[in-house]
Each structure stands twice: as C-alpha cells, then as structure tokens.
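Student:
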Amino acid sequence: MNARPKKSFGQHFLHDHRYVDWIVSAIAPRADDFILEIGPGEGALTLPLLAAAGKLTAIELDADLIPDLQARATRAGELHIIHADVLKVDFSALAHSHGVPRLRIAGNLPYYISSPILFHCVEHAAAIQDMHFMLQKEVVDRMAAEPGSKVYGRLSVMLQLACRVEPLFNVPPEAFRPPPKVESAVVRLVPLEPHELHDARPEHVYAVVKAAFGQRRKTLANALKQLLDSDAIRRADVDPKARAETLAPADFVRLAKAYADL
Ligand code: SAM
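Residue numbers (my numbering): 5 to 266.
#1: By how many angstroms is the C-alpha of Asp94 removed from the C-alpha of Val161?
#2: How about Ala130 and Ile42: do their beta carbons lie closer than 9 Å?
#3: In the DSSP output, which residue or residues are listed as bridge partners for Cys125?
#4: Can you find a heavy atom of ligand 1 that lies under 8 Å from the Cβ of His124?
#5: If you reduce the DSSP assignment to three classes, tell me which class Gly111 lands in.
#6: Nearest by alpha-carbon distance to Ala211: which of Ala77, Leu73, Ala260 is it?
#7: So does the region 163-175 actually touch the region 136-150, counting three or more Cβ pairs closer than 8 Å?
#8: Rounded to a whole number of angstroms, what is the C-alpha to C-alpha distance between Ile63 and Gln74?
#9: Reducing DSSP to helix, strand and coil, say where Glu207 ends up.
#10: Beta carbon of Gln230: closer than 8 Å to some heavy atom of ligand 1?
#11: If you draw a straight line from the alpha carbon of Leu51 to that of His84, how long is it in whole angstroms?
#12: Where does Asp235 land, buried or exposed, given buried means 16+ other C-beta within 10 angstroms?
#13: Tell me the DSSP secondary structure of Thr250 in three-state form.
#14: Which of helix, strand or coil does DSSP assign to Arg181?
#15: Quick one: is Arg8 buried, meaning 16 or more other Cβ sit within 10 Å of its Cβ, or exposed?
#16: Please say whether Val213 and Arg158 have beta carbons closer to each other than 9 Å?
#17: Considering just the uninterrupted stretch of the alpha helix (DSSP H) at Phe95, what are its terminal residues?
#18: Measuring from the CB of Thr50, is there a heavy atom of ligand 1 at a distance below 8 Å?
#19: Please determine if the region 213-223 and the region 244-259 are in contact, where contact requires at least 3 C-beta pairs separated by less than 8 Å.
#20: Contact defined as beta carbons within less than 8 Å: I believe Glu200 pairs with Leu165. What is the distance between those atoms, to the nearest angstrom?
#21: In whole angstroms, what separates the C-alpha of Gly14 from that of Leu266?
#22: Smallest Cα separation from Arg34: which of Arg108, Arg239, Ala48?
#23: Per DSSP, what kind of secondary structure is Ala189 in: helix, strand or coil?
#24: Between Ser101, Val28, Arg79, Arg146, which has its C-alpha nearest Leu122's C-alpha?
#25: Excluding the 5 residues preceding and the 5 following Tyr116 in the sequence, name in chain order all residues of the same chain whose CB lies nearer than 6 Å to its CB.
#26: Taking buried to mean at least 16 other C-beta atoms within 10 Å of its own C-beta, is Glu46 buried or exposed?
#27: Quick one: using the 10 Å Cβ neighbour count with 16 as the cut-off for buried, is Val186 buried or exposed?
#28: In chain order, what residues of the same chain have a beta carbon less than 6 Å from the beta carbon of Lys59, not counting five sequence neighbours either side?
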C-alpha cells in the first residue's frame, strides 16, 4: 500500500529493507516478548517484528492506516492495534492489564513529538524492559551527550538518569518515503534499575534541570535563583558558580533533593 504520507502526523515511511533488518536484529525479538510499537504506519517494522514475536501491540494515531495494516498482518501473527495518541497511553497500566512485568517498546517515532514521547517513556521506565527508537540524529546526539558537550542539556540529563543510552547506527534521509530533512539514527535505551531518578521526585529534578539549562550561560546561582539560594546549592555539594553544562546527571538529583527539602 502507498497512502499519501501525512506531514501533520510526522509520517516518513521506512522503505530501505537493510535498515529494517538492522533494527529487527538489534531488537532480537523472542516469542515470549510483549512488544509495543509506537506509530506502525504502513508496517515496515511491524510485520517483521510480528513474524519474529508471534504477537505485537501497536499504537497508531492515524485511523486511515489501521485497516490495511490489520489486514496484512493476519498471516504474520496476532496484531492488536490501539487507535490512540501514544502520549495518552499509560504504559504501566498496559503492561499490568496484559499480565506482563515489562514491555519492549520499539518505533520509528514521529519526530514532531519525539521529546514528549521520550519523557513519557522515562515516566513509565519501571514498566519497560528496553526501547529501540529511530529519531533525528541530532536528538540521539543530545540524549547521549556528556557534560561539557555543547549539546548536553535537559534531554541528556533526564534520559541518562533513567536509562543506559546506546546509539546504534545512523540512517540517511533516502531510506524513507518521503525523505525527512534531517539525518536519523537508531538508539537503544535500557532502563536502569534502580535508576537515579528514584532518589528524588522526577518533577523536582525536571524543575531544576529546566531552570538550570533555561539559562545555560549563567552560573547556577543565577539560573536557579527562583528555586534555590547559593547556600542550598552548596549543601547539595554543587558549586554555585558552576554552569549547568558542567554538572553530571547525579548532581541534578542532589539539587532536586535540596529543592524538595526547602
Ligand atoms: N513505523 C513506520 C515506518 O517505519 O515506516 C512509520 C513511521 S512514521 C515516522 C511515524 C508514525 O507515527 C506514523 O505512522 C504516524 O501516523 C504515527 N504517529 C504520529 N503521531 C502519533 C501519536 N501521537 N501517537 C501514535 N502514533 C503517532
């Protein structure tokens, strides 16, 4: 099938089979896995994953794509498509309702909401075994960036506190129909257990990280002044004259705890 891709849904369909094979090999699906695919589209990943795992649940926002995909899947295995916005699906409840401890999530993500989807996954990290996502390469670079790097920021800290971030390989625009304007990359995320976000309330960590990187050229004393004074920053064992981009992810957890203690 060759439906006209919808820009508003971030549709870029993967048509180069080499990359499909690489992604499926990276996931290495097994018969007892509960695989959840985000945005199956025309099924480039869905059908091979379904063939390997025997069953698969997918969440697709575009109702027009669902009947054809459902029809093509009948011979490959048991495909359950949820017509919904992925951001409204509670992954923990989904795992619970299927009696599985953890989901394996995969997807060639719609780029217009890639960061909200990643934060949504972090929120449900305890219900996730691993994730394999296609994203803009620039986003994968930010997720994996280390302190001191120009692209180290909110996404790096929040993702690295909850997951091991493993960039796998790059994918050129020509591998998609239509080609996106940017280079893409596939990344594996494995939730850490226990993850460092458990040591503080994630919303407190997020508030501190947001304020600190919101004004990344300023010292922390300045950037965080609405949340913490210099003494509180020092009590968290962080130098108030430092800048956000030099702090390790764990430093933000201590700052969040200091913020919660005020
Ligand atoms: N997986 C297919 C592939 O590799 O060819 C399609 C990938 S395409 C980049 C992104 C898919 O996500 C599209 O099918 C799009 O309709 C779907 N999508 C967009 N926004 C969504 C949302 N909020 N929730 C669930 N699916 C969404």
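Glycine residues also receive a C-beta, built at the ideal position from the N, C-alpha and C atoms.
Tutor: The relevant details are as follows:
#1: Straight-line Cα distance between these residues: approximately 23 Å.
#2: Contact: no.
#3: Note: Cys125 sits in no beta bridge, so no partner.
#4: Flag unset: Cβ of His124 not near ligand 1.
#5: The answer is strand: DSSP assigns Gly111 an E or B state.
#6: The residue with the shortest Cα to Cα distance from Ala211 is Ala260.
#7: Yes, they touch.
#8: One C-alpha to the other measures close to 12 Å.
#9: Glu207 falls in the helix class under three-state DSSP.
#10: Flag unset: Cβ of Gln230 not near ligand 1.
#11: If you take the alpha carbons of Leu51 and His84, they lie about 12 Å apart.
#12: Exposed: under 16 other Cβ atoms inside 10 Å.
#13: Helix.
#14: Residue state, collapsed to three classes: strand.
#15: Arg8 comes out exposed.
#16: Result yes, Cβ atoms of Arg158 and Val213 sit closer than 9 Å.
#17: Boundaries of the alpha helix (DSSP H) harbouring Phe95: 95-101, taken from the DSSP string.
#18: Yes, the Cβ of Thr50 comes within 8 Å of a heavy atom of ligand 1.
#19: By the Cβ test, the region 213-223 is in contact with the region 244-259, since at least three Cβ pairs between them sit closer than 8 Å.
#20: The C-beta separation of Glu200 from Leu165 comes to about 5 Å, placing the pair in contact by the 8 Å criterion.
#21: Going from the Cα of Gly14 to the Cα of Leu266 covers about 43 Å.
#22: Ranked by Cα distance from Arg34, the first of Arg108, Arg239, Ala48 is Arg108.
#23: In this structure, Ala189 counts as strand in the three-state DSSP scheme.
#24: Ranking the options by Cα distance to Leu122, first place goes to Arg146.
#25: So the qualifying residues of the chain are Gly14.
#26: Buried is the label assigned to Glu46, since at least 16 other Cβ atoms lie within 10 Å of its Cβ.
#27: Counting other Cβ atoms within 10 Å of its Cβ, Val186 stays below 16 and is therefore classed as exposed.
#28: Only residues of its own chain outside the window of five on either side were considered, and among them Gly81, Glu82 have a CB closer than 6 Å to the CB of Lys59, listed in chain order.
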